[in-house]
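Residue numbers (the working numbering): 38 to 190.
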């Protein structure tokens, strides 16, 4: 083969590869748009799965993946904020119930009239309160971390 033939073959291969990349980019963009639509309609888990599919199927669509990463962070942030609000409400309710139950049980304990069921209920309420507090703290840390990552970009 001559240099002209080799050059022509390389140009043809490059042109075909470029066409393939454009098709892949186009399909990756469609997946990203679908994920955006799912996010806007509050289908967060579905949107995250769509982004995961985009990343897995189109590993070379770098620009689209960068945009998808930002969306992924936005979705994760929104999920954490929603969960934080629910957890906070539940935590406040359990704390109020615990304080009331504790006052009652402590008075009975001082008089040596507290029953085993009352003490057990108090302990289980404390465990539930502690569990909700941990969940609350984790969501706060997650939100702070996502904000930090978003500022870095």
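All C-beta atoms, glycine included, are put in the ideal place defined by N, C-alpha and C.
- Judged by beta-carbon spacing, residue 173 lies beyond the 8 Å limit of residue 114, meaning their Cβ atoms are not closer than that value.
- Using a C-beta cut-off of 8 Å, the region 108-122 makes contact with the region 179-186, since at least three inter-stretch Cβ pairs fall below that distance.
- Between residue 98 and residue 72, the alpha-carbon positions lie close to 15 Å from each other.
- Closest in alpha carbon position to residue 84, among 146, 106, 100, is 106.
- Contact between residue 166 and residue 131 holds, with the beta-carbon distance rounding to 5 Å and staying under 8 Å.
- Under the three-state reduction of DSSP, residue 141 is assigned to helix.
- The alpha carbon of residue 110 has as its nearest neighbour, out of 74, 94, 88, the alpha carbon of 88.
- With contacts defined as CB atoms closer than 8 Å, residue 104 and residue 138 fail to qualify as a contacting pair.
- Of the candidates 135, 189, 67, 170, the residue whose Cα lies closest to the Cα of residue 122 is 170.
- Residue 95 and residue 101 have their alpha carbons spaced roughly 9 Å apart.
- Secondary structure note for residue 78: it is in no alpha helix (DSSP H), with a DSSP letter that is neither H nor E.
- The beta carbons of residue 134 and residue 162 sit about 6 Å from each other, so the pair counts as a contact at 8 Å.
- Take residue 108, set aside five residues on each side of it, and the residues of its chain with a beta-carbon closer than 8 Å to its own are 69, 72, 73, 76, 84, 88, in chain order.
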